[in-house]
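Quick notes on the structure that follows.
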Amino acid sequence: MTGSEGFIRMRTLQVVVLIIFAVIIGRLAYLQLIDNRYTELAEANVLRHVVQYPPRGEVLDRNGEYLVQSRECYDLMVIYSDIDKRGFDTARMCSILGLTPEKIRRELANARMRPRAPRLVTSYISKEDKLRFDECNFRGFYTVYRTVRQYPRQVGGNLLGYVGEVNDNYLKRHPDYKIGDYVGMNGVESAYEPELRGRKGVKIQEIDTHGAIKGSYMNGLYDSLPEPGRCLTSTIDIRLQLLGEELMRGKVGAAVAIEPSTGEILMMVSSPTYDPDELVGRERGNNYMKMLYNKRQPLFNRAVKAKYPPGSTFKLVQGLIGLQEGVLRPTDLHVCHEGYQAGRLKMACHAHASPLDLRFAVATSCNAYFCYVFRDILDNPKYGNVKEGYDVWREYVESFGFGRKLGSDFLDEGNGYVPDRAFYDRQYRGSWNSLTVLSLSIGQDALGCTPLQLANLACIVANRGYYYIPHIVKKIEGRDSIDRRFYERHYTKVDPKHFEPIVDGMWRGVNVGGTSTMARLDGWDVCGKTGTAQNPRGRDHSTFLSFAPKDNPKIAISVYVENGGFGASAALPIASLLEEYYLTDTIRRPALLEYVKNMKIYYPAYDR
Amino acid sequence: MTANRRNGIFYGVDRWAVLLYVLIVIAGWISITAASYDEETSSLFSFSHFYMKQLMWIGIAWVTALVVLLLDEHFYHKFAYPAYFVGLALLVAALLFGREVNGAKAWFEFGSVRVQPVEFAKIATALALARVMSGYSFSINRAGDLMRVALVICIPLLIIILQNDTGSGIVLGSFLFVLYREGLNKWLCIPILLIAALFIVSFLLSPMTLLVAVILVCVLSEAMMNGHWRSRIIFLAAIALASILLCAAAALIAPGKLDLYHSLLIVSLLSVVGVSVYAYRSNLRNIFILVCFFVGSMIFLPTTDYIFNSILKEHQQNRIKSYLGLLDDPRNLDYNVNQSKIAIGSGGFWGKGFLQGTQIKYGFVPERHTDFIFCTVGEEWGFVGAVVVLTLLCLLILRLMRMGERQQEPFGRIYCYCVAAILLFHVLVNVGMTIGLMPVMGIPLPFMSYGGSSLIAFTILLFIAIRLDASTRQFSPDRY
Chain A
3 MTGSEGFIRM
13 RTLQVVVLII
23 FAVIIGRLAY
33 LQLIDNRYTE
43 LAEANVLRHV
53 VQYPPRGEVL
63 DRNGEYLVQS
73 RECYDLMVIY
83 SDIDKRGFDT
93 ARMCSILGLT
103 PEKIRRELAN
113 ARMRPRAPRL
123 VTSYISKEDK
133 LRFDECNFRG
143 FYTVYRTVRQ
153 YPRQVGGNLL
163 GYVGEVNDNY
173 LKRHPDYKIG
183 DYVGMNGVES
193 AYEPELRGRK
203 GVKIQEIDTH
213 GAIKGSYMNG
223 LYDSLPEPGR
233 CLTSTIDIRL
243 QLLGEELMRG
253 KVGAAVAIEP
263 STGEILMMVS
273 SPTYDPDELV
283 GRERGNNYMK
293 MLYNKRQPLF
303 NRAVKAKYPP
313 GSTFKLVQGL
323 IGLQEGVLRP
333 TDLHVCHEGY
343 QAGRLKMACH
353 AHASPLDLRF
363 AVATSCNAYF
373 CYVFRDILDN
383 PKYGNVKEGY
393 DVWREYVESF
403 GFGRKLGSDF
413 LDEGNGYVPD
423 RAFYDRQYRG
433 SWNSLTVLSL
443 SIGQDALGCT
453 PLQLANLACI
463 VANRGYYYIP
473 HIVKKIEGRD
483 SIDRRFYERH
493 YTKVDPKHFE
503 PIVDGMWRGV
513 NVGGTSTMAR
523 LDGWDVCGKT
533 GTAQNPRGRD
543 HSTFLSFAPK
553 DNPKIAISVY
563 VENGGFGASA
573 ALPIASLLEE
583 YYLTDTIRRP
593 ALLEYVKNMK
603 IYYPAYDR
Chain B
568 MTANRRNGIF
578 YGVDRWAVLL
588 YVLIVIAGWI
598 SITAASYDEE
608 TSSLFSFSHF
618 YMKQLMWIGI
628 AWVTALVVLL
638 LDEHFYHKFA
648 YPAYFVGLAL
658 LVAALLFGRE
668 VNGAKAWFEF
678 GSVRVQPVEF
688 AKIATALALA
698 RVMSGYSFSI
708 NRAGDLMRVA
718 LVICIPLLII
728 ILQNDTGSGI
738 VLGSFLFVLY
748 REGLNKWLCI
758 PILLIAALFI
768 VSFLLSPMTL
778 LVAVILVCVL
788 SEAMMNGHWR
798 SRIIFLAAIA
808 LASILLCAAA
818 ALIAPGKLDL
828 YHSLLIVSLL
838 SVVGVSVYAY
848 RSNLRNIFIL
858 VCFFVGSMIF
868 LPTTDYIFNS
878 ILKEHQQNRI
888 KSYLGLLDDP
898 RNLDYNVNQS
908 KIAIGSGGFW
918 GKGFLQGTQI
928 KYGFVPERHT
938 DFIFCTVGEE
948 WGFVGAVVVL
958 TLLCLLILRL
968 MRMGERQQEP
978 FGRIYCYCVA
988 AILLFHVLVN
998 VGMTIGLMPV
1008 MGIPLPFMSY
1018 GGSSLIAFTI
1028 LLFIAIRLDA
1038 STRQFSPDRY
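As you go down the protein sequences, you meet chains A and B in turn. This note's numbering applies: residue 3 is where the first sequence begins, and numbers increase by one. This note's numbering applies: residue 568 is where the second sequence begins, and numbers increase by one.
The structure is reproduced here in structure tokens:
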């Protein structure tokens, strides 16, 4: 090998060395300067966002008493590597926190997988237990602040709703929630979720590869404090609610009371109900499943969701439509010989004087009278044929709030059902007339109303022609007003001047002589209308609509008791007692109270 | 002799090399401090810390460097073979009596201090190689001399592979760099590199493809060396034709006994005899080397699977598989590399600052003060710091080559190149592995990784080169 060749080879090798270093530096430039994924990955490695949960907003009744409180409770956390393995007294901890040793052993075995990372052992530790726990000073264990719901009066299970951990479905629709967050479900809790929820705070910590906390990130520059949820004042009167739940105990059905002049819901009972405290804490899952499989469906909010046939209470609507359409004058007389007869079809009625006018027909709840009225509306020659007439009738009914959501603040409000023309075309293959659908006249057939819609009907009559959308919340902390839609009057398609004879009929039914005389209260002009709805599942449903006093009404109420028999036998006493209590603050009819409380109703459909 | 000699042990010492060495060691110590610094420990300067221990090792290394400079250059020349045999003995002793760490039985343990004899075997091999190749009438392209060189390199390499420390063993492969400088025919270097690459990917290829590839590489590089393209292509065609005929004949006589792969194997191995006779007659010695290659490959080829499955430990298999993309399990096997890439990548241009690297400080990068020390540089000092450190290392390697070139004696030149080759290989593999260019092999970054034996060994390696260079300059002809 000559010298010059050695020189060339040296140069070649120098180039090789330079190329190798150039490749390394090029790769470094790519990693450090161009590809910026790694900064995020590094942060994901080292930063842990610890959520600071805000206390959830509380709910007051209309008089300022607590319906729902937020109680502080604690999650027990453990850092396995910090446990004093020899000195740790499992039995002592179990007795303080009310846990089983198996549970603690199981959780510790799980925590051992990542010994330096904090791990949840158990939730829902009460404040008292937490204080005793702090005294004992178990090394490696600590508690984290959270809040749970507490119900001082234990009322309004379906009304208030409950709070639970978000599920996958909800997370998909609401990206601002994270796994482990609590969210309101049903009732007030879900309707006012954004207000009650508050805002979470965050504390950013730096952790090492074992998950141990090494300190706060940037000295807490990006940390934020939790913002508590807003306090709500509800329209509920807690004493009325308590009495309502007590009276409805053992019955299936619903009772709703509304203040007609504002649309504020004073009371809303769905029976059977449940103690909302059962859906809080460690036993929540078990209790929930128990209720889910209860045949009487305590989790189903009948007051806003159930579809009941309104029965005779619907005669009020029928009469009003007749008056507005001009096919009925209050003085019109119709005959009733224990029923309505048209060809072979006969609609039975009970015994009463005949012929009779509108006021008396309302008071005594005559079936035949309203058959005449209903047929006159549908067969009005003005509209050509019965189907056009039916459409007109249906529009009137919808203007009373039936067959659609009222727009209250309950998110899961039901529509009810008012059959349309197509429904009957399907059912009778196109050939039907006013006789075919005659049972609509007395609120039967396919008609379905929610108890809230019925209470709203009572409000409309009480207000003589308009209603405010029923709502459950009166005031939100830090806001001047609630939603605007609750301040608007909604008029029906019936002129207010036509209401007087109907109101008068309701007043007579209670105070002069009719089906509702038991609802009479001395000194208060109570107006009422009973209803007895036939149904394919056993005894008739019992329902009652009422408001009082007649002028400047303070309360409008609807009670619906499934399989309760006559309107006067189950629903009426309940409604009457509630009215008495709301108006006078006392109950002077202890015998009636006892009768209602001891009433036994047999439910073949639920208790099979 | 002493009369002509300039006095003082520091005379003629290459100041640039020493300066680069000191800078790199300091950079390493700063990185170790950052990597092992623990906020919670109160006593900053206690000797239980890695960085304080490393300070002690640095001190010992510098004293050793002084000792190396004090010794006469002839000592190294004479000492080469004994050192080599002592090195081999140490390797065998480690294999027999050593302690197993990370699956490699390559460590001696004295109390709390662990020593890896491989580090010193590298020096010994470099010295021995320099000695063999600087011998009188040595010619690298003569088959016999090349065999001696191969022997010197392969004996320690085999023992190291038996120790299950393949990463360190492959370092000796970097001496190809030196062989090239010393005039090894480049058409020999290329097939060596190609066949080495083929073995790395042999798990991916079928034996047939591998065999055809090896035959083609050997024949074509031989043709590049000696010309005679026509006859080499005829040879290839003859082998193909013969193996197909053999296969067809076998299919007629005993169907299913002999497939095309085995026919080709038989034909090519038979042809080796003919090729050897041809080479002897036409006096083309370099063909012999290729024939040896080929036969060696044929012996290795069926054994690679065996080595892979029974000799390599599971974690080593997985490392190789993971690097070759045969295994899809980022969390467990690529974890180290991923974390190391995250640490370096998150450093950005200027880095996060001294002791501010979260990935390092909070232990996300494993082995962060030893094999993955470069991550600390990348994260805390950013692209700028990494480039500075790499530049220092690059300059040191180029400086060593320059020192080699100005040697009077081939011994010094070869030794300097050996040192440059070892350093280059270590830097390439170590830094390459932290940025995902190379598979994880577990060899340290020279002068920077924590560990006494590695630091001292590299210091001795470097300072012998500096000593040899210094003596050249003490006797430089311009003195006369």
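Heads up, the beta-carbon is just placed ideally off N, CA and C, and yes, glycines get one too. If you're wondering where the values come from, they're calculated on a predicted model, not measured in any experiment.
What residues in its chain sit with their C-beta under 7 Å from that of Ala-607 (chain A), if we drop five residues either side in the sequence? Counting from one through the first sequence, the residue named residue 607 (chain A) turns up at place 605. Counting only residues of its own chain and dropping the five nearest sequence neighbours on each side, Ala-607 (chain A) has a CB closer than 7 Å to the CB of Arg-539, Gly-540.
Taking the continuous alpha helix (DSSP H) assigned at Ala-113 (chain A), which residues delimit it? Along the first sequence, read from residue 1 onward, the residue named residue 113 (chain A) stands at position 111. Unbroken alpha helix (DSSP H) run through Ala-113 (chain A): 103 to 113.
Name, going along the chain, the residues of the stretch 200 to 219 of chain A whose beta-carbon falls closer than 9 Å to a beta-carbon of chain B. Taking 9 Å as the Cβ-Cβ cut-off against chain B, the residues of the stretch 200 to 219 of chain A that qualify are Glu-208, Ile-209, Asp-210, Thr-211, His-212, Ala-214, Lys-216, Gly-217.
Consult DSSP for Gly-740 (chain B) and reduce its assignment to one of helix, strand or coil. Taking the second sequence and counting its residues from 1, one reaches residue 740 (chain B) at position 173. Gly-740 (chain B): helix per DSSP, three-state reduction.
Runs of alpha helix (DSSP H) wholly within the stretch 546 to 608 of chain A (minimum 4 residues, chain order): 573 to 586, 592 to 600, all fully within the stretch 546 to 608 of chain A.
Please list, in chain order, the residues of the stretch 3 to 29 of chain A that have any C-beta partner in chain B closer than 9 Å. Of all residues in the stretch 3 to 29 of chain A, the ones placed with a Cβ closer than 9 Å to any Cβ belonging to chain B are Met-3, Glu-7, Gly-8, Phe-9, Arg-11, Met-12, Thr-14, Leu-15, Gln-16, Val-18, Val-19, Leu-20, Ile-22, Phe-23, Val-25, Ile-26, Ile-27, Arg-29, in chain order.
Do Gln-326 (chain A) and Lys-495 (chain A) have their C-beta atoms within less than 9 Å of each other? On the first sequence, residue 326 (chain A) is found 324 positions in, with the first residue counted as 1. On the first sequence, residue 495 (chain A) is found 493 positions in, with the first residue counted as 1. If you check the CB distance, Gln-326 (chain A) and Lys-495 (chain A) come in under 9 Å.
Residue environment, Ser-236 (chain A), which counts as buried when at least 16 other CB atoms sit within 10 Å: Within the first sequence, the letter at position 234 stands for residue 236 (chain A). Taking a 10 Å sphere around the C-beta of Ser-236 (chain A), we find 16 or more other C-beta atoms and assign the residue as buried.
Pairwise C-alpha distance: Tyr-224 (chain A) and Gln-207 (chain A): Reading the first sequence from its first residue, position 205 is the one you call residue 207 (chain A). Reading the first sequence from its first residue, position 222 is the one you call residue 224 (chain A). In a straight line, the C-alpha of Gln-207 (chain A) is about 10 Å away from that of Tyr-224 (chain A).
What residues of chain A sit near Cys-961 (chain B), judged by a beta carbon separation below 8 Å? Within the second sequence, numbered from 1, the residue matching residue 961 (chain B) stands at position 394. In chain order: Val-19, Leu-20, Phe-23.
Answer with yes or no whether the minimum CB distance from Val-2 (chain A) to chain B is below 9 Å. Absent from the structure is residue 2 (chain A), since the part of chain A shown begins at 3 and ends at 610.
Given a threshold of 16 other Cβ atoms within 10 Å of its Cβ, counted over all protein chains shown, does Pro-177 (chain A) qualify as buried or as exposed? Start at 1 with the first residue of the first sequence, and residue 177 (chain A) comes out as number 175. Pro-177 (chain A) is exposed by the Cβ-count criterion.
Looking only at C-alpha atoms, which of B:Tyr-578, B:Ile-720, B:Lys-620 sits nearest to Ser-679 (chain B)? Reading the second sequence from its first residue, position 112 is the one you call residue 679 (chain B). Ranking B:Tyr-578, B:Ile-720, B:Lys-620 by Cα distance to Ser-679 (chain B) puts B:Lys-620 first.
Quick check: the Cα distance between Ile-484 (chain A) and Gly-66 (chain A), rounded to an integer number of angstroms? Within the first sequence, residue 484 (chain A) is the residue found at index 482, counting from 1. Within the first sequence, residue 66 (chain A) is the residue found at index 64, counting from 1. In a straight line, the C-alpha of Ile-484 (chain A) is about 17 Å away from that of Gly-66 (chain A).
Is it buried or exposed, His-212 (chain A), if we count other Cβ atoms within 10 angstroms and call 16 or more buried? The sequence position of residue 212 (chain A) within the first sequence is 210, counting from 1. Exposed, since its Cβ has fewer than 16 Cβ neighbours within 10 Å.
Would Leu-268 (chain A) and Val-463 (chain A) be called neighbours here (beta carbons separated by less than 9 Å)? Residue numbering aside, residue 268 (chain A) sits at position 266 when the first sequence is read from its first letter. Residue numbering aside, residue 463 (chain A) sits at position 461 when the first sequence is read from its first letter. No, the pair does not count as a contact, with Cβ atoms beyond the cut-off.
With H, G and I counted as helix, E and B as strand and the rest as coil, what does DSSP make of Gly-952 (chain B)? To locate residue 952 (chain B), count along the second sequence from 1; it is residue 385. Secondary structure at Gly-952 (chain B): helix, using DSSP grouped into helix, strand and coil.
Taking the DSSP output, what are the residues bridged to Val-52 (chain A)? For the purposes of this step, residue 52 (chain A) is taken as the residue at position 50 of the first sequence. Partner(s): A:Lys-205.
Where does Cys-529 (chain A) sit, in a helix, a strand or coil, going by DSSP? Here residue 529 (chain A) is taken as the residue at index 527 of the first sequence, counted from 1. Note: Cys-529 (chain A) maps to strand in three-state DSSP.
Output the distance between the C-alpha atoms of Ser-560 (chain A) and Glu-247 (chain A), rounded to the nearest integer angstrom. Within the first sequence, residue 560 (chain A) is the residue found at index 558, counting from 1. Within the first sequence, residue 247 (chain A) is the residue found at index 245, counting from 1. Near 14 Å, if we compare the C-alpha coordinates of Glu-247 (chain A) and Ser-560 (chain A).
At a Cβ threshold of 9 Å, is Glu-947 (chain B) touching chain A? As a working note, residue 947 (chain B) is residue 380 in the second sequence. No, Glu-947 (chain B) does not count as interfacial toward chain A.
Please report how far the alpha carbon of Tyr-426 (chain A) lies from the alpha carbon of Tyr-342 (chain A), in whole angstroms. Here residue 426 (chain A) is taken as the residue at index 424 of the first sequence, counted from 1. Here residue 342 (chain A) is taken as the residue at index 340 of the first sequence, counted from 1. Here the alpha carbons of Tyr-342 (chain A) and Tyr-426 (chain A) stand approximately 22 Å from one another.
For Glu-972 (chain B), would you say it is in contact with chain A, using Cβ-to-Cβ distances shorter than 9 Å as the test? On the second sequence, residue 972 (chain B) is found 405 positions in, with the first residue counted as 1. With a threshold of 9 Å between beta carbons, Glu-972 (chain B) makes contact with chain A.
How many angstroms separate the CA atom of Phe-677 (chain B) from the CA atom of Ser-218 (chain A)? By 1-based counting over the second sequence, the position of residue 677 (chain B) is 110. By 1-based counting over the first sequence, the position of residue 218 (chain A) is 216. Taking C-alpha positions only, Phe-677 (chain B) is separated from Ser-218 (chain A) by approximately 43 Å.
Per-residue DSSP class, three states only, for Leu-922 (chain B): Position 355 of the second sequence, counted from the first residue, corresponds to residue 922 (chain B). It is coil, neither helix nor strand.
What residue range is occupied by the uninterrupted beta strand (DSSP E) comprising Trp-674 (chain B)? Along the second sequence, one-based indexing puts residue 674 (chain B) at 107. Here the beta strand (DSSP E) through Trp-674 (chain B) covers 671 to 677.
Cβ-based burial, His-641 (chain B) [other Cβ within 10 Å; buried from 16]: Along the second sequence, one-based indexing puts residue 641 (chain B) at 74. Note on His-641 (chain B): under 16 other CB atoms within 10 angstroms of its CB, so exposed under the neighbour-count rule.
Assuming Gln-926 (chain B) contacts Asn-47 (chain A) under a Cβ cut-off of 8 Å, what Cβ separation, rounded to an integer in Å, is found between them? Residue 926 (chain B) sits at position 359 when you count from the first residue of the second sequence. Residue 47 (chain A) sits at position 45 when you count from the first residue of the first sequence. Contact between Gln-926 (chain B) and Asn-47 (chain A) holds, with the beta-carbon distance rounding to 6 Å and staying under 8 Å.
With which residues is Met-714 (chain B) paired in a DSSP beta bridge? Locating residue 714 (chain B) in the second sequence gives position 147, where the first residue counts as 1. Met-714 (chain B) pairs with nothing; no bridge assigned.
Is the CB-CB distance between Gly-914 (chain B) and Ala-953 (chain B) below 9 Å? As a first step, residue 914 (chain B) is located in the second sequence; it is residue number 347 there, counting from the start. As a first step, residue 953 (chain B) is located in the second sequence; it is residue number 386 there, counting from the start. Contact: yes.
Mapping the DSSP letters down to three states, classify Ser-273 (chain A) as helix, strand or coil. Position 271 of the first sequence, counted from the first residue, corresponds to residue 273 (chain A). It is a strand residue.
Is there contact between the stretch 302 to 317 of chain A and the stretch 330 to 341 of chain A, where contact requires at least three CB pairs shorter than 8 Å? Output reads no: the stretch 330 to 341 of chain A does not touch the stretch 302 to 317 of chain A.
To be precise: take each residue of the stretch 225 to 248 of chain A, compare its Cβ to all Cβ atoms of chain B, and keep it if any distance is under 7 Å. Which residues remain? Those residues of the stretch 225 to 248 of chain A placed with their C-beta closer than 7 Å to a C-beta in chain B do not exist.
Is Thr-692 (chain B) closer than 9 Å to Gly-734 (chain B) when the C-beta atoms are compared? In the second sequence, counting from the first residue as 1, residue 734 (chain B) sits at position 167. In the second sequence, counting from the first residue as 1, residue 692 (chain B) sits at position 125. No.
If you count every other CB in all the chains shown that lies within 10 Å of the CB of Val-17 (chain A), and 16 or more means buried, which is it? If you number the first sequence from 1, residue 17 (chain A) lands on position 15. Under this definition Val-17 (chain A) is an exposed residue.
Nearest by alpha-carbon distance to Ala-256 (chain A): which of A:Leu-244, A:Leu-249, A:Val-271, A:Gln-243 is it? In the first sequence, residue 256 (chain A) corresponds to position 254, counting from 1. Nearest Cα to Ala-256 (chain A) within the set A:Leu-244, A:Leu-249, A:Val-271, A:Gln-243: A:Val-271.
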